[in-house]
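Encoded as structure tokens, the structure appears first; notes follow it.
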Amino acid sequence: MKRSKGTAALGVDARNDAALNSAYNLIEEYEIIDTEQISSSLTFHASTPGPSSAPASTPSPISTPSPIFTPSPIFTSVCATSPEGLLSPPTRKGNGTQMQRKNANYLQHVQDRQQKEREIEVRRLDIEEKKLEMEKEKIELEKKKFDFECEMRRMEQEMNVKEREARLEQDKIQMRLMAAFAEHITKFTTSSE
Numbered sequence: 058m059k060r061s062k063g064t065a066a067l068g069v070d071a072r073n074d075a076a077l078n079s080a081y082n083l084i085e086e087y088e089i090i091d092t093e094q095i096s097s098s099l100t101f102h103a104s105t106p107g108p109s110s111a112p113a114s115t116p117s118p119i120s121t122p123s124p125i126f127t128p129s130p131i132f133t134s135v136c137a138t139s140p141e142g143l144l145s146p147p148t149r150k151g152n153g154t155q156m157q158r159k160n161a162n163y164l165q166h167v168q169d170r171q172q173k174e175r176e177i178e179v180r181r182l183d184i185e186e187k188k189l190e191m192e193k194e195k196i197e198l199e200k201k202k203f204d205f206e207c208e209m210r211r212m213e214q215e216m217n218v219k220e221r222e223a224r225l226e227q228d229k230i231q232m233r234l235m236a237a238f239a240e241h242i243t244k245f246t247t248s249s250e
């Protein structure tokens, strides 16, 4: 059943509905997530009871001009550029659903971005770890190369020492042979005389 209203009340409700609709248009246009950001842009008016809604026993109040809706400059500019303007019917439920969807999309976008940042950080840490492993392998190879060179020098020195010892031993043997041969010649010469 429709509630009977006075002319002034109908005008106030129409302005309030238009204000709400324009507010939702403002939210949708600028993708405002927090609806409190536009709370200062709106001025709502209470309905003034008309003559038909007043009790029969009391006289009707003196009709006074209803206060007007005073939008902010940004609200006015958005309503002026909106194809529906202030005359479009209120669609609060649909706009609310759109805002919830936009909120969900925004949160999903933030979560996806954070996930990508975490993946990039993980890849960066993996690369750093691989670099450290390569550095360790390089150091290990340098150490093995140094150890091998040291071993080669040690073996070369040992071979030189053994070679000198062998030459010395050969010289000793040759000296003994020469001494024995000289002694034999001496004995042979003495016996022949």
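Heads up, the sequence shown is in this note's numbering, so the first residue is 58 and it goes up one at a time. In this text, a Cβ means the ideal position worked out from N, Cα and C, and glycines have one as well.
Buried versus exposed call for residue i [16 or more other C-beta atoms within 10 Å across all chains shown]
i, result
"N78", "buried"
"A161", "exposed"
"A239", "exposed"
"A19", "Residue 19 lies beyond the range of the chain shown here (58 to 250); nothing can be said about it."
"A236", "exposed"
"A111", "For A111, the predicted model reports a pLDDT of 45, less than 50, meaning its position is unreliable and no value from the coordinates is stated."
"G151", "With a pLDDT of only 49 at G151, under the threshold of 50, the placement of this residue in the model should not be trusted, and no figure is reported."
"I177", "exposed"
"M232", "exposed"
"T138", "Per-residue confidence for T138 stands at a pLDDT of 47, beneath the threshold of 50, marking its modelled position as unreliable; the derived number appears in the next sentence. Counting Cβ neighbours within 10 Å, T138 comes out exposed, since fewer than 16 surround it."
"R149", "Annotation note: pLDDT 45 at R149 (below 50); position unreliable, no value reported."
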